[in-house]
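Just so we're aligned: 245 in numbering that gives the first Met the number 0 is position 246 of the sequence shown, and the numbers increase by one with no gaps anywhere. Right, one structure below, let's go through it.
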Amino acid sequence: MTQPLLLSVKDLGISTVQDPRTLVNQVSFDIGLGEAVGVVGESGSGKTLSALSILGLLPRGVEVVSGSVTFKDKNLLTLNNEELRKIRGNEIAMIYQDPMTALNPVMKLGKQLLEVIASHGGINESSQNQVRALLSEVGIPDVNRAMESYPHEFSGGMRQRIMIAMALLLSPQLLIADEPTTALDVTIQQQILALVSEARKKRNMSMLWITHDLGVVANLVDRLNVMYAGRIVESGTVEEIFRKPKHPYTAGLLSSLPTSTGTNRERLTSISGVPEKPWLVGNSCGFAARCSRAQARCHSEVPPTVITDNSSVACFFPLGGN
Numbered sequence: 000m001t002q003p004l005l006l007s008v009k010d011l012g013i014s015t016v017q018d019p020r021t022l023v024n025q026v027s028f029d030i031g032l033g034e035a036v037g038v039v040g041e042s043g044s045g046k047t048l049s050a051l052s053i054l055g056l057l058p059r060g061v062e063v064v065s066g067s068v069t070f071k072d073k074n075l076l077t078l079n080n081e082e083l084r085k086i087r088g089n090e091i092a093m094i095y096q097d098p099m100t101a102l103n104p105v106m107k108l109g110k111q112l113l114e115v116i117a118s119h120g121g122i123n124e125s126s127q128n129q130v131r132a133l134l135s136e137v138g139i140p141d142v143n144r145a146m147e148s149y150p151h152e153f154s155g156g157m158r159q160r161i162m163i164a165m166a167l168l169l170s171p172q173l174l175i176a177d178e179p180t181t182a183l184d185v186t187i188q189q190q191i192l193a194l195v196s197e198a199r200k201k202r203n204m205s206m207l208w209i210t211h212d213l214g215v216v217a218n219l220v221d222r223l224n225v226m227y228a229g230r231i232v233e234s235g236t237v238e239e240i241f242r243k244p245k246h247p248y249t250a251g252l253l254s255s256l257p258t259s260t261g262t263n264r265e266r267l268t269s270i271s272g273v274p275e276k277p278w279l280v281g282n283s284c285g286f287a288a289r290c291s292r293a294q295a296r297c298h299s300e301v302p303p304t305v306i307t308d309n310s311s312v313a314c315f316f317p318l319g320g321n
């Protein structure tokens, strides 16, 4: 990676507080200045928890037990709530999966947007114009009406546009997007992806995009981290991973993508079995029970992460290897 580092997550471990269960295990990844990085994996793989830990937003009963999250030479895990509050929304912003639960249902949207500005330095005469300009940029057709409306008066796609405007208000250096297109139909999904991509490039922001769909991030990010059962099993550039995946799980995800060409529709390929719970993996490869290449050692040893150039894989028998 040629860009200077903006965020560095090292050996991150997340567990439940009572009856400790490992949810995220030794996760490491970096994001450079102006770089877009994706984290992809099935539900329960630890993607969202890893992202929430960056801003200290883990749910009650879950805590970080190891590792570091360094943002501009500061370990965010050592900051108190007041110090983190100054960073949230200002230097690091987040777009959540469901805007209806992220927005206040009983507060007008204009007031909610202005509240973001007020929490980081106060409102001035230009604040209203700043909010209106952002709403217009993200494609809200009637800005004045939007300012006086409540969240339920807008469609899911429009609410997500408002969430994007809220995240961009203070021009953060890092934008975290937690599956913001999951609940949207395909047409609206593509509009949101194009909007976020354009806004990121315009501001030269770094981005962390969380998703379970490899197809979503194909043209959106520079590098990918593939997570399974609380671990990163493969990482590399988008081109490398799509052209020549090394981990059997990554190959399975790619083969399950529908094709957009051809007249004959074929049944989608699926990965057999169900994802392993991270706390049940123990000293083994979490994907072993679902992997056709698994051998005895896969069920009794944790595969080490082998780093080659700008890519890595955690597998005893990687594709293209032995």
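In this text, a Cβ means the ideal position worked out from N, Cα and C, and glycines have one as well.
Asked                                                                                                                                                                                             : Found
Between the region 11–23 and the region 121–138, do at least 3 Cβ pairs fall closer than 8 Å?                                                                                                     : no
Just grab the DSSP bridge partners of W208 for me.                                                                                                                                                : G37 and A176
Specify the secondary structure class of Y331 as computed by DSSP and reduced to three states.                                                                                                    : For residue 331 there is no data in the structure shown, the boundaries of the chain being 0 and 321.
Taking the C-alpha atoms as reference points, what is the distance between D97 and T210?                                                                                                          : 13 Å
Can you look up T100 in the DSSP assignment and give me helix, strand or coil?                                                                                                                    : helix
Going along the chain, which unbroken runs of the alpha helix (DSSP H) with 4 or more residues stay wholly within the region 233–317?                                                             : 237–242 and 247–254
Rounded to the nearest angstrom, what separates A288 and I175 at their Cα positions?                                                                                                              : 32 Å
Over what stretch of residues does the alpha helix (DSSP H) that includes I86 continue unbroken?                                                                                                  : N80 to I86
For Q2, I'd like the list of residues in its chain whose CB is within less than 7 Å of its CB, leaving aside the five on either flank, ordered along the chain.                                   : G31, L32, G33 and E34
Could you tell me if H246 is buried or exposed, where buried requires 16 or more neighbouring beta carbons within 10 angstroms of its beta carbon?                                                : buried
Whether or not the region 147–155 and the region 112–130 are in contact is what I'm after, with contact meaning three or more pairs of Cβ atoms, one per stretch, closer than 8 Å; do they touch? : no
Measure the alpha-carbon distance for Q159 versus A295 and round it to whole angstroms.                                                                                                           : 47 Å
Would G37 and V220 qualify as a contact pair, given that the criterion is a beta-carbon distance under 7 Å?                                                                                       : yes
Closer than 6 Å by C-beta to F316: which residues in its own chain qualify, once you throw out the five before and the five after it? Chain order, please.                                        : R292
Within 10 angstroms of its Cβ, does M165 collect 16 or more other Cβ (buried), or is it exposed?                                                                                                  : buried
For P104 and C297, I'd like the C-alpha separation in whole angstroms.                                                                                                                            : 49 Å
Cα-Cα, which of L83, R87, V280 and N218 is closest to L173?                                                                                                                                       : R87
My output table needs one value for L223: the three-state DSSP class, helix, strand or coil.                                                                                                      : strand
Count the C-beta pairs between the region 59–69 and the region 299–306 that are closer than 8 Å, then say yes if the count reaches three, no if not.                                              : no
Just how far apart, CA to CA, sit I191 and K201?                                                                                                                                                  : 15 Å
What did DSSP end up calling S7 once you bin it into helix, strand or coil?                                                                                                                       : strand
Using C-beta distances below 6 Å, list every residue in its chain close to C314, excluding the 5 sequence neighbours before and after it, in chain order.                                         : H246 and P302
Measure the C-alpha to C-alpha separation of G229 and V64 and round it to an integer number of angstroms.                                                                                         : 14 Å
Is it the case that the Cβ atoms of L329 and V39 are separated by a distance below 7 Å?                                                                                                           : The question about residue 329 has no answer, for the chain in this structure spans 0 to 321.
For M204, which residues in the same chain have their Cβ closer than 6 Å to its Cβ, ignoring the five residues on either side in sequence?                                                        : L174
Can you tell me whether D177 is buried or exposed, with buried defined as 16 or more other CB within 10 angstroms of its CB?                                                                      : buried
Confirm, please, whether the CB-CB distance from I91 to P348 is below 7 Å.                                                                                                                        : Coverage of the chain is limited to positions 0 through 321, which leaves residue 348 absent and any answer about it impossible.
Can you give me the start and stop residues for the alpha helix (DSSP H) that L134 sits inside?                                                                                                   : S126 to E136
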